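S.K.: Got a structure for you, questions after.
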Amino acid sequence: MTETVPFPQDRTCPYQPAPGYRPLAERRPISQITLYDGRRAWAVTGHELTRRLLTDPRISSDRTDPGWPMVSAAAAVEFNDVQQKVVKLLTALVGVDGPKHRARRKLAQAGFTVRRIDSLRPKIQEIVDQRLDAMLEHGAPADLAAMFASPVPLMALCETLGIPHEDQEYFERKAHQILFGPDAAAAYDELMAYLGKLIEKARRHPGEGFLEALLAERGDSTEVDHEEILQMFLIVLVTGHDTTSSSIALGAYTLLQHPERLAELRADPSLWPAAVDELTRLVAVPDGLQRVAAEDIEVDEETTIHEGDGVFFLFSLINRDKDAYERPDSLDWHRPAFRDHLTYGFGPHQCVGMNLARVIMEIAFRTLFERLPGLRLAVPAKEVPVKPGEAFQGLVELPVTW
Ligand code: HEM
1 MTETVPFPQD
11 RTCPYQPAPG
21 YRPLAERRPI
31 SQITLYDGRR
41 AWAVTGHELT
51 RRLLTDPRIS
61 SDRTDPGWPM
71 VSAAAAVEFN
81 DVQQKVVKLL
91 TALVGVDGPK
101 HRARRKLAQA
111 GFTVRRIDSL
121 RPKIQEIVDQ
131 RLDAMLEHGA
141 PADLAAMFAS
151 PVPLMALCET
161 LGIPHEDQEY
171 FERKAHQILF
181 GPDAAAAYDE
191 LMAYLGKLIE
201 KARRHPGEGF
211 LEALLAERGD
221 STEVDHEEIL
231 QMFLIVLVTG
241 HDTTSSSIAL
251 GAYTLLQHPE
261 RLAELRADPS
271 LWPAAVDELT
281 RLVAVPDGLQ
291 RVAAEDIEVD
301 EETTIHEGDG
311 VFFLFSLINR
321 DKDAYERPDS
331 LDWHRPAFRD
341 HLTYGFGPHQ
351 CVGMNLARVI
361 MEIAFRTLFE
371 RLPGLRLAVP
381 AKEVPVKPGE
391 AFQGLVELPV
401 TW
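The opening residue of the sequence shown carries number 1 in this note's numbering; numbering runs sequentially from there.
Listed below in structure tokens is the structure:
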């Protein structure tokens, strides 16, 4: 039997797969990995196989399945000890299969229509400008991750959810408390009461917000389950904030390492939408999407994924499959199908927020590089600290000057 590779491993270059994953790339499209507890799992690394498996109903998202694979002991403890309500939250959309998932997903999708997202552009531009004003006022050097990449998507998500500006800090603090404590249960009750008031307001003066879209999707009865709506708000924050924030930080780092490509974008801003997707492909923030096999799945004549086996999808390698991309390691926004990468997942759980994420990143990158023509790293590139290689990639900080 071939030797397995330990998973996860740290990246050394922030936008390249961990060097230790090389054997996995050589054994595309699927091979075995060893998890922190010695358990084995599957690493899927081929583009075509990923599309096949992520649409296979035998591949389950059920986080309560005893076979659900964990990336670290900390993740396992967090999941087991977490309060009942938070478990419910995690499993409310991302962690369910089949018809139950479809019903929940329809609710989430109602809030993310293309028209709604497009209407948010001016507001997102305002948020981006405000954050840049604050960073300029602070002066160089500054941490672009903390001062820009993190607050921009957080504020844009609150705006999307229709949380009034003056309540955003409160909402975010309470949401954080629900997820990470202390007093998660008290914070949950507080946020439920707050949401009740927002719902009442949306009923009295209906606008065209996220909440109104959710209420309309559930039918305009007073029986609407407030808990379900609060869960949806929290899911949006949990799934949308860190992913977008890390993509902005890693994307900015990558562009600063490719000055000649960046010059092309500055000269022709119409290239930004394609550039955003190309950066998303290359930096691949989710790099180990988890699943569990609900039944045996014969992948090919030699490989069978057995019921109960854990399966990880490694997007840093999937997005560099040379059967799917020419020169997969290079940054090139002139690829004909630039949205073909799988960083947003694939199949029934594919990211509902991807069009919003695209708009946030496009406005953030374009404005950042327009307003700061001299932007550069404030430390040698190798000294920019990379987050440990768990399932999501990112930077601890991104020191810049201009
Ligand atoms: C660059 C930024 C983002 C990346 C890379 C990303 C990536 C992903 C991926 C890989 C999945 C699939 C999860 C799975 O199959 O289990 C997913 C699902 C999801 N994403 Fe995103 N996401 C991003 C931004 C956002 C934003 C901004 C939002 C919300 C506004 C969002 C909301 C969601 C939700 C609600 C799901 C669950 C969908 C379901 O289970 O049916 N994401 N995302």
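Built from N, CA and C at the ideal position, the CB exists for glycine as well.
Keep in mind it's a predicted model, so treat the numbers as computed, not measured.
Taking the runs of the alpha helix (DSSP H) that are 4 residues or longer, which of them lie wholly in the region 267-335?
M.R.: Qualifying alpha helix (DSSP H) stretches, in chain order: 272-283, 315-318.
S.K.: By Cβ distance, which residues of its chain are closer than 7 Å to residue 171, with the 5 residues on each side in sequence left out?
M.R.: Counting from 1 along the sequence shown, the entry for residue 171 is found at position 171. Contacts found: 158, 163.
S.K.: Starting from the Cα of residue 345, find the closest Cα among 69, 40, 192, 284 and give me that residue.
M.R.: The count along the sequence shown starts at 1 and reaches residue 345 at position 345. It is 284 whose Cα lies nearest to the Cα of residue 345.
S.K.: Report buried or exposed for residue 245, applying the criterion of at least 16 other Cβ atoms within 10 angstroms of its Cβ.
M.R.: Reading the sequence shown from its first residue, position 245 is the one you call residue 245. Residue 245 should be labelled buried.
S.K.: Is the beta carbon of residue 30 less than 9 Å from the beta carbon of residue 5?
M.R.: In the sequence shown, residue 30 corresponds to position 30, counting from 1. In the sequence shown, residue 5 corresponds to position 5, counting from 1. Not a contact, by the Cβ cut-off of 9 Å.
S.K.: Look at the alpha carbon of residue 192 and the alpha carbon of residue 179, and state the distance between them as a whole number of angstroms.
M.R.: Position 192 of the sequence shown holds residue 192. Position 179 of the sequence shown holds residue 179. Near 14 Å, if we compare the C-alpha coordinates of residue 179 and residue 192.
S.K.: Would you check if the distance between the CB atom of residue 62 and the CB atom of residue 97 is smaller than 9 Å?
M.R.: Reading the sequence shown from its first residue, position 62 is the one you call residue 62. Reading the sequence shown from its first residue, position 97 is the one you call residue 97. Yes, Cβ-Cβ distance for residue 62 and residue 97 is below 9 Å.
S.K.: Where DSSP assigns a beta bridge to residue 41, which residues make up the other side?
M.R.: The residue given as residue 41 occupies position 41 in the sequence shown. Per DSSP, 33.
S.K.: Looking at C-alpha atoms only, which residue of 130, 277, 314, 241 is the closest neighbour of residue 160?
M.R.: To locate residue 160, count along the sequence shown from 1; it is residue 160. Measuring from the Cα of residue 160, the nearest candidate turns out to be 241.
S.K.: Rounded to whole angstroms, what is the Cα-Cα separation between residue 294 and residue 139?
M.R.: Counted from its first residue, the sequence shown places residue 294 at position 294. Counted from its first residue, the sequence shown places residue 139 at position 139. About 54 Å.
S.K.: With contact counted as at least three CB pairs below 8 Å, one residue from each stretch, are the region 247-263 and the region 142-150 in contact?
M.R.: With the cut-off at 8 Å, the region 247-263 and the region 142-150 touch.
S.K.: Where residue 108 and residue 273 are concerned, what is the direct C-alpha to C-alpha distance, given to the nearest angstrom?
M.R.: As a working note, residue 108 is residue 108 in the sequence shown. As a working note, residue 273 is residue 273 in the sequence shown. Going by the C-alpha atoms only, they are around 24 Å apart.
S.K.: Compute the Euclidean distance between the alpha carbons of residue 367 and residue 375, then round it to the nearest angstrom.
M.R.: Translated into the one-based positions of the sequence shown, residue 367 becomes position 367. Translated into the one-based positions of the sequence shown, residue 375 becomes position 375. Cα to Cα, residue 367 sits roughly 12 Å from residue 375.
S.K.: Applying the 10 Å Cβ sphere with the 16-neighbour rule, what's the burial state of residue 114?
M.R.: Position 114 of the sequence shown holds residue 114. With fewer than 16 Cβ atoms within 10 Å of its Cβ, residue 114 is classed as exposed.
S.K.: Taking 8 Å as the cut-off, is the CB of residue 249 close to at least one heavy atom of the ligand HEM?
M.R.: In the sequence shown, counting from the first residue as 1, residue 249 sits at position 249. Every heavy atom of the ligand HEM is 8 Å or more from the Cβ of residue 249, so no.
S.K.: Under the criterion of a Cβ to heavy atom distance below 8 Å, does residue 389 qualify as lining the ligand GTP?
M.R.: The ligand GTP is not part of this structure, which contains only the ligand HEM.
S.K.: With DSSP as the reference, label residue 81 as helix, strand or coil.
M.R.: Here residue 81 refers to the residue found at position 81 of the sequence shown. Any answer about residue 81 is weak, because its pLDDT of 45 lies below 50 and its placement is not dependable; what the coordinates show is given next. Three-state result, residue 81: helix.
S.K.: Checking the sheet assignment: what are the DSSP bridge partners for residue 143?
M.R.: Locating residue 143 in the sequence shown gives position 143, counting from the first residue. Answer by DSSP bridge pairing, in chain order: 399.
S.K.: Over the uninterrupted alpha helix (DSSP H) stretch that includes residue 27, give me the two end residues.
M.R.: Locating residue 27 in the sequence shown gives position 27, counting from the first residue. Premise fails: residue 27 is in no alpha helix (DSSP H) and is neither H nor E.
S.K.: Where does residue 338 fall in DSSP's three states?
M.R.: As a working mapping, residue 338 is identified with position 338 in the sequence shown. Looking at residue 338 - three-state DSSP - the assignment turns out to be coil, as it is neither helix nor strand.
S.K.: Output needed for residue 303: all residues of its chain with C-beta closer than 7 Å, excluding positions within five of it in sequence on either side, in chain order.
M.R.: Position 303 of the sequence shown holds residue 303. Only 30 meet the Cβ criterion.
S.K.: At the level of alpha carbons, what is the spacing between residue 324 and residue 25?
M.R.: Along the sequence shown, one-based indexing puts residue 324 at 324. Along the sequence shown, one-based indexing puts residue 25 at 25. Answer to the nearest angstrom: the Cα atoms are 14 Å apart.
S.K.: Given this structure, state the Cα-to-Cα distance separating residue 373 from residue 394, to the nearest angstrom.
M.R.: Along the sequence shown, one-based indexing puts residue 373 at 373. Along the sequence shown, one-based indexing puts residue 394 at 394. Taking the straight line from one Cα to the other gives about 24 Å.
S.K.: Hey, quick one: how far does the alpha helix (DSSP H) through residue 231 stretch, first residue to last?
M.R.: The residue given as residue 231 occupies position 231 in the sequence shown. Counting along the chain, the alpha helix (DSSP H) containing residue 231 begins and ends at 226-256.
S.K.: Is it buried or exposed for residue 81, if we count other Cβ within 10 angstroms and need 16 for buried?
M.R.: Taking the first residue of the sequence shown as position 1, residue 81 is located at position 81. Only weak support exists for where residue 81 lies, its pLDDT of 45 falling under 50; the value from the coordinates is given anyway. By the 10 Å Cβ count, residue 81 comes out exposed.
S.K.: On a Cα-Cα basis, can you pick out the residue from 133, 287, 181 that is closest to residue 45?
M.R.: Here residue 45 is taken as the residue at index 45 of the sequence shown, counted from 1. Of the listed residues, the one whose Cα sits closest to residue 45 is 287.
S.K.: Any idea if residue 270 is buried or exposed, counting beta-carbon neighbours within 10 angstroms, 16 or more meaning buried?
M.R.: For the purposes of this step, residue 270 is identified with residue 270 of the sequence shown, where counting begins at 1. Flag for residue 270 reads exposed.
S.K.: List the endpoints of the continuous alpha helix (DSSP H) containing residue 151.
M.R.: Within the sequence shown, numbered from 1, the residue matching residue 151 stands at position 151. Unbroken alpha helix (DSSP H) run through residue 151: 151-161.
S.K.: Leaving out five residues on either side along the sequence, give the residues of the same chain with a beta carbon under 7 Å from the beta carbon of residue 194.
M.R.: Residue 194 sits at position 194 when you count from the first residue of the sequence shown. Nothing listed; no residue qualifies.
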